[in-house]
Amino acid sequence: MKKPAAPATAYKPSDTSHVRRQRARYSIRLWSVRRARLFEGVYNALADVFLKLHPIWNTIGYKRVEYPVMLVEKSVKSFLFDCRMCGQCALSDTGMSCPMNCPKQLRNGPCGGVRANGNCEVEPDMPCVWVQAWQGSQRMRASDNILKVQKPVDQSLRNSSAWLRVTAQKAAERDSMSETAQ
Ligand code: SF4
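Read in order, the letters of the sequence shown correspond to residues 216 to 397 in the numbering used here.
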């Protein structure tokens, strides 16, 4: 009697690896960290432009421009850095590696669980964001920024624009300095 044909199996692409596919999720983030010096320059230039535009933000109202600026910031930073919109951006202090991608959300260095291959103990396929942060910081001009102690995350600032907040802070500092000088 003729043996029935084996049932067709689901299509499985050849030469695939679960680990490689997982790693692909982090590839843009890792690419950005490798270009930390370039992004440091871009960020500094952008911060200067934002500060120059302070009179416009002020006239329109920071509250009014918050939402559209936040949307732009979110799209750019989510794509490049897997930003979680904590609202208190630490990228320029952490080698362009976003600390909010740490499963433990540590803001001041790695836990004791980094694997021998530099990956995370919670997500074994993910390179530890703090190992990446150290490597990225060493490529930056302000390489010592990584030694700054970061404040605990203020959850009330989640989904707000860090760009605008930093601009408003810098403008207030600049104004108070010029008042003191007079
Ligand atoms: S530190 Fe915060 S704002 Fe900066 S990239 Fe990470 S989640 Fe986004």
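Glycine included, every Cβ here is placed at the ideal spot set by N, Cα and C.
Between the C-alpha atoms of Ala262 and Phe296 there is a straight-line separation of about 18 angstroms.
When only Cα atoms are considered, Arg373 and Met315 end up about 11 angstroms apart. Minimum Cα-Cα distance from Gly324 among the listed residues Val287, Lys363, Arg330, Asp369 corresponds to Lys363. DSSP places Pro318 in the coil class of the three-state scheme, outside both helix and strand. Under the Cβ criterion (8 angstroms, minimum of three pairs), the region 344–355 counts as touching the region 303–314.
When DSSP assignments are scanned along the region 225–309, the uninterrupted stretches of alpha helix (DSSP H) that are 4 or more residues long and fall wholly within it turn out to be 233–239, 242–249, 251–267, 269–275, 277–296. Cβ contact annotation for Pro318 (same chain, cutoff 7 angstroms, sequence separation greater than five): Cys335, Val337, Glu338, in chain order.
Its Cα nearest to that of Val381, the residue Glu281 stands out among Glu281, Phe294, Arg354. In the DSSP assignment, Gln353 falls outside any alpha helix (DSSP H) and carries neither an H nor an E.
If you check the CB distance, Gly333 and Cys343 come in under 8 angstroms. For Ser393, the enclosing alpha helix (DSSP H) starts and ends at 377–396.
Comparing alpha carbon positions, the residue from Val248, Val284, Arg244, Ser232 closest to Gln353 is Val248. Here Gln237 has Asp340 as same chain residues with Cβ atoms under 6 angstroms from its own Cβ, once five neighbours each way along the sequence are excluded.
Gln370 and Gly302 have their C-alpha atoms spaced approximately 8 angstroms apart. C-alpha of Asn273 to C-alpha of Ala383: approximately 9 angstroms in a straight line.
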